[in-house]
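For any residue, its number in the working numbering is found by taking its place in the sequence shown, counting from 1, and adding 56.
Notes to accompany the following structure.
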Amino acid sequence: MAERITAERITEVLPWGRSFDEYRAMFDLDGRPFARAGAAPRVLDVGGGPASFTAEAVERGWQAVACDPLYAHDKAAIEGRIEAARAQIMALVRAEPERFVWTSIESPDALERLRLAAMARFLEDYETGREAGRYRTEALPALGLPDDSVDLALASHLLFLYSAQWDAAFHLAAVRELARVAAEVRVFPLLDMAGRTSAHLEPVLAALRAAGYGAEVLPVPYAFQRGGDRMLRVTRRA
Ligand SMILES: C[S@@+](CC[C@H](N)C(=O)[O-])C[C@H]1O[C@@H](n2cnc3c(N)ncnc32)[C@H](O)[C@@H]1O
57 MAERITAERI TEVLPWGRSF DEYRAMFDLD GRPFARAGAA PRVLDVGGGP ASFTAEAVER
117 GWQAVACDPL YAHDKAAIEG RIEAARAQIM ALVRAEPERF VWTSIESPDA LERLRLAAMA
177 RFLEDYETGR EAGRYRTEAL PALGLPDDSV DLALASHLLF LYSAQWDAAF HLAAVRELAR
237 VAAEVRVFPL LDMAGRTSAH LEPVLAALRA AGYGAEVLPV PYAFQRGGDR MLRVTRRA
């Protein structure tokens, strides 16, 4: 009998990308404004991978940049990695559909179509965007971007999700690094791969507050992992 695929067996951080509309909901971009009044928003998508957020944000006139170690690879290599990730992720979703909320995305097939469309949009933009400097080969917990160079840093499906791979100290260092670069940091989801609130969340919140940051957990109008409808919002001053 084939071995059952479970979320805990995904131990590598896989390239798998979401769209601007999903980012808008995951980070409540409409409900909680962030940009300087009257100016084009400056945003960083850390661990942006093959998400189309940056490409679509630039289309809207935003100043958007994404950082990911994935961008060391050329387009063909990234396409190959996406294909490998697709097999793993879709097998997991089809094996354990009860872990997910099937409302705005109604089925595994719809999910696959949505994600592939977002990643195709990323791939279209990738070579031009890399040349223009918006896809930067960088990895947390240390980024090369200058202090206070963006209004908002977003981390989607990177921190907390891979809680088994990275400890609380890594998470804290990563969030502090994002808060160095950005006036505000938002992280989603707060669940680990097994769908439980990350064990690192409370220690990271406590350490951030003790260091003088504003750190709060807020509801967002998005859930796909069951129970995953909250984000962490961090600002430099409490
Ligand atoms: C599951 S994908 C999420 C992509 C995108 N943020 C989204 O939600 O659609 C996670 C991404 O994190 C990247 N990654 C892995 N380690 C990283 C690190 N230390 N710093 C930044 N990104 C990292 C991976 O290469 C991968 O592209």
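Think of the CB as a built atom: it goes at the ideal place given N, C-alpha and C, for glycine as much as any other residue.
- Pairwise C-beta distances place the segment 172-180 in contact with the segment 72-89, as three or more of them are shorter than 8 Å.
- Here the residues close to ligand 1, judged by CB distance below 5 Å to any of its heavy atoms, are V69, P71, W72, G73, R74, G103, G105, A107, D124, L126, A195, L196, S212, H213, L214 in chain order.
- Rounded to whole angstroms, the gap between the alpha carbons of A235 and K131 is 30 Å.
- Three or more pairs of CB atoms, one per stretch, sit closer than 8 Å, so the segment 164-171 contacts the segment 149-156.
- Cβ neighbours of Y79 within its own chain (closer than 6 Å, five residues either side excluded): F109.
- Residue burial annotation: D285 is buried, with at least 16 other C-beta atoms found within 10 angstroms of its C-beta.
- Look at T159 here: in three-state DSSP terms it is coil, with no helix or strand label.
- In this structure, F280 lies away from S254, with their beta-carbon atoms at least 7 Å apart.
- Within the DSSP secondary-structure output, F244 pairs in a beta bridge with S212.
- In the structure shown, the three-state DSSP call for L228 is helix.
- Counting only runs of 4 or more residues that sit fully inside the segment 233-290, the alpha helix (DSSP H) segments are 257-266, in chain order.
- Taken through DSSP and simplified to helix, strand or coil, L170 comes out as helix.
- Under the criterion of beta carbons closer than 8 Å, A229 and V206 do not qualify as touching, at roughly 18 Å.
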